[in-house]
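Adding 13 to a residue's 1-based position in the sequence shown gives its number in our numbering. Note that the Cβ used here is the ideal one computed from N, Cα and C, for glycine as well. Some notes on the structure that comes next.
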Amino acid sequence: MIFYSFFIFYFLEWRIGILSLNYYPSDGVGHPSLISYLEFILPRLGLLVINRILGNYIRGYTDPTVVKISSSSMSDIEKGSEPENKVTDSYEGLPVVDPGVYDGRQATADDSSRWARFDRLNRKLEHRMGMETRGIERVAESDKTDTRLYGNFFVWMACNCVLPTFGIGVLGPLLFGLGLGDSMLCIFFFNGITALIPAFMSTFGPKLGLRQMTSARFSWGFWGAKFVALLNCIACVGWSIINTISGSQTLRAVSDFKISAAVGTVIIAICTLFIGLFGYKYVHRYEKYSWIPTAISFLVMLGISVKHFANIPMGTGQAELASVFSFGGTIWGFTMGWSSLSSDYNVYMPSEAKSWKVFMWTYLGLIIPLVLVEWLGAAIACAATVIPAWGEAYKAHELGGLVGVVFIPPMHDGGKFFMVLLVLSVVANNVINVYSMGLSVSVISKWLAAIPRLVWPCVITAIYIPLAIVGANDFASSLEDFLNVLGYWLSIYATVVLEEHFIFRKGQYDNYEAAECWNRSDRLPVGFAALGALCFGVAGAVTGMAQVWYIGPIGKKVGGAADPFGGDVGWLLALSFTAVVYPPLRVFEKRWLGR
């Protein structure tokens, strides 16, 4: 509610002059508004806060008064060994750890130590507020106290009922040249099939008690999972950039393009940071309600735009086929993006939870907003092809301009209010990336695992703010390129995980022996089979891709002479090549190395 109140306050000030601060008049004479102050102060304030938090941690590690961490202790931190940590209470599904020991590090008695002060603060936040400080360690059965399986639905409902999802639907007609019918069919079938994969991946959380990138060790190996986790970190940063661009463009449209993209970027980033810092419980709490104002905004958008909808006929021939594959690959990359982190949000749910219920709640939370919101985007995009003002707004200001031209003319200030709510929806999407990157980065190295989880939301925020500002005026092409490349590696990743589960683990979670093996490299696969399959999968992706910067030989043939840009089937070939190669390589690996 704090975030919504802030944006409502900003909206009222801009319209009616709260604080008696007004925009500069046309002659350039006047007093600066609150927006002008925000534009100057917020970027500096955000970077100052991030620098302060990171500085405290860094100085803590270099402070000679702090107890040094031995290599054995570092290993214990990565393993999550907490023999002294006694669960004393619970707070809405999260265990509260006895504040005597925190994450393998104990504060010194020296009150002047910055690390000691920060350590005490962390323990107080964990004990009194339920802030999560747990990293990638396996969640023991005694700590699995979140029995609300329906929480899976709200998490995925909230992070997909967002402005970037609307932007995916827009790409069908305006980027790939599809009509209304074929766009809607692509959205329905590609999402319906693709969402099965992250929904199934989510069942690993309660059964294994492991985060998604940690459970990848059972198929990719202890060392191979480090590479996969690195790719996932890059994906999280990329997602945050794309999402923030869509929000900042829309916020600029609210202000009649009188503020810079930097202001919107920093506002979205700071709101996201505060939620990501607090962890699992607060993510679930925020996502449970954040989708409601967004859904209302989309319904209002539907109501005021439905009279303008135009049934653009679908194309025919090889060019249509190429466009369908390319748009389908974009949808595939968007929906598959959740498969690399879906179990991060239910590891505190009990292992006896029915897998079909976890799957069902997750699938419904994915498919309902993905299909409905993307359908709305496709319908409005088709209208933009026949309404000159809408088409010009999209060409000039991309997604933000299109949303603005739909809302503002018929509703004026009321439309801007709903646009602000859509900007806020980006926070629900970004918080997933910010939270999960902090977990994924800990898989890369035991030294990174020793750094408190609270640091990583600050790191990713500091990274994606400047990148989002740089790319603020290029949403459509950035989104399309990023999602297609993302779809390539996720096809490979998911294929390896699923084949390992169904072929070599016989579809039984007990065969993982997660409690005994999750952090023992001598009992996990070496990863040669997965990395070998990765190489073949990359080869398939290269031959089938169709990007502005490269068109593979197979991708070019899909388009034929009618479409010189080809059709992107890289995601499909990456999946196929990996599926064929991984089983024999894994059999050879098991016979050669015995695991």
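Backbone secondary structure at residue i - three-state DSSP
{"i": "Ile283", "result": "helix"}
{"i": "Ala559", "result": "strand"}
{"i": "Ile464", "result": "coil"}
{"i": "Thr78", "result": "Note that Thr78 scores a pLDDT of 37, beneath 50, so its modelled location is shaky; the value from the coordinates is reported in the next line. Thr78 falls in the coil class under three-state DSSP."}
{"i": "Ile564", "result": "strand"}
{"i": "Ile325", "result": "coil"}
{"i": "Lys408", "result": "helix"}
{"i": "Gly573", "result": "coil"}
{"i": "Phe311", "result": "helix"}
{"i": "Leu480", "result": "helix"}
{"i": "Asn165", "result": "helix"}
{"i": "Phe270", "result": "coil"}
{"i": "His297", "result": "helix"}
{"i": "Trp531", "result": "coil"}
{"i": "Gly113", "result": "For Gly113, the predicted model reports a pLDDT of 32, less than 50, meaning its position is unreliable and no value from the coordinates is stated."}
{"i": "Ser155", "result": "helix"}
{"i": "Gln331", "result": "helix"}
{"i": "Tyr358", "result": "helix"}
{"i": "Gln262", "result": "helix"}
{"i": "Gln521", "result": "coil"}
{"i": "Arg536", "result": "coil"}
{"i": "Pro363", "result": "coil"}
{"i": "Val175", "result": "coil"}
{"i": "His425", "result": "coil"}
Whether residue i touches residue j by CB criterion (9 angstroms)
{"i": "Val551", "j": "Ala559", "result": "no"}
{"i": "Ile381", "j": "Val419", "result": "no"}
{"i": "Ser336", "j": "Gly346", "result": "no"}
{"i": "Phe338", "j": "Val582", "result": "yes"}
{"i": "Tyr163", "j": "Trp374", "result": "yes"}
{"i": "Val539", "j": "Gly205", "result": "no"}
{"i": "Glu411", "j": "Ile344", "result": "no"}
{"i": "Trp531", "j": "Leu243", "result": "no"}
{"i": "Pro177", "j": "Ile305", "result": "no"}
{"i": "Ile473", "j": "Ser253", "result": "yes"}
{"i": "Met450", "j": "Cys246", "result": "yes"}
{"i": "Leu503", "j": "Thr307", "result": "no"}
{"i": "Trp282", "j": "Ile258", "result": "Per the sequence presented here, residue 282 reads as Ala, with Trp not at that position. Against a cut-off of 9 angstroms, the Cβ pair of Ile258 and Ala282 comes out as no contact."}
{"i": "Ala396", "j": "Ser318", "result": "yes"}
{"i": "Ser355", "j": "Pro470", "result": "no"}
{"i": "Leu452", "j": "Asp523", "result": "no"}
{"i": "Met349", "j": "Gly182", "result": "no"}
{"i": "Trp351", "j": "Leu379", "result": "yes"}
Exposed unless 16 or more other CB atoms sit within 10 angstroms - verdict on residue i
{"i": "Tyr302", "result": "exposed"}
{"i": "Tyr563", "result": "exposed"}
{"i": "Gln521", "result": "exposed"}
{"i": "Cys284", "result": "buried"}
{"i": "Thr227", "result": "buried"}
{"i": "Leu606", "result": "exposed"}
{"i": "Lys220", "result": "buried"}
{"i": "Gly316", "result": "exposed"}
{"i": "Tyr115", "result": "Residue confidence for Tyr115 is low, a pLDDT of 32 falling below 50, so the modelled location carries little weight and cannot support an answer."}
{"i": "Pro186", "result": "buried"}
{"i": "Trp169", "result": "buried"}
{"i": "Trp369", "result": "exposed"}
{"i": "Phe202", "result": "exposed"}
{"i": "Leu12", "result": "The displayed coordinates of the chain run from 14 to 608. Any statement about residue 12 would go beyond what the structure contains."}
{"i": "His44", "result": "Here His44 scores only 40 on pLDDT, less than 50, and its place in the model should not be relied on; the value that follows carries that caveat. Exposed, since its Cβ has fewer than 16 Cβ neighbours within 10 Å."}
{"i": "Arg466", "result": "buried"}
{"i": "Leu389", "result": "buried"}
{"i": "Gly427", "result": "exposed"}
{"i": "Pro401", "result": "exposed"}
{"i": "Ile516", "result": "exposed"}
{"i": "Lys320", "result": "exposed"}
{"i": "Arg604", "result": "exposed"}
{"i": "Thr263", "result": "buried"}
{"i": "Lys519", "result": "exposed"}
Residues that DSSP places opposite residue i in a beta bridge
{"i": "Ile254", "result": "Its beta-bridge partners do not exist; DSSP assigns none."}
Residue-chain proximity (residue i, chain D), Cβ-Cβ < 9 angstroms
{"i": "Leu243", "result": "Considering every chain present, this structure includes no chain D. It has just one protein chain."}
Inter-residue CB distance, residue i and residue j (contact presumed, cutoff 8 angstroms)
{"i": "Val440", "j": "Ile288", "result": "7 angstroms"}
{"i": "Val509", "j": "Lys239", "result": "Actually they do not touch by this definition, with Cβ atoms about 15 angstroms apart."}
{"i": "Val371", "j": "Ser215", "result": "6 angstroms"}
{"i": "Tyr361", "j": "Thr158", "result": "7 angstroms"}
{"i": "Ala546", "j": "Leu598", "result": "6 angstroms"}
{"i": "Cys172", "j": "Asn359", "result": "Incorrect: roughly 14 angstroms between the Cβ atoms, too far for contact."}
{"i": "Gly557", "j": "Leu586", "result": "4 angstroms"}
{"i": "Thr278", "j": "Ile149", "result": "Incorrect: roughly 29 angstroms between the Cβ atoms, too far for contact."}
{"i": "Leu209", "j": "Tyr407", "result": "With 8 angstroms as the limit, Leu209 and Tyr407 do not qualify as a contact, their Cβ atoms being about 32 angstroms apart."}
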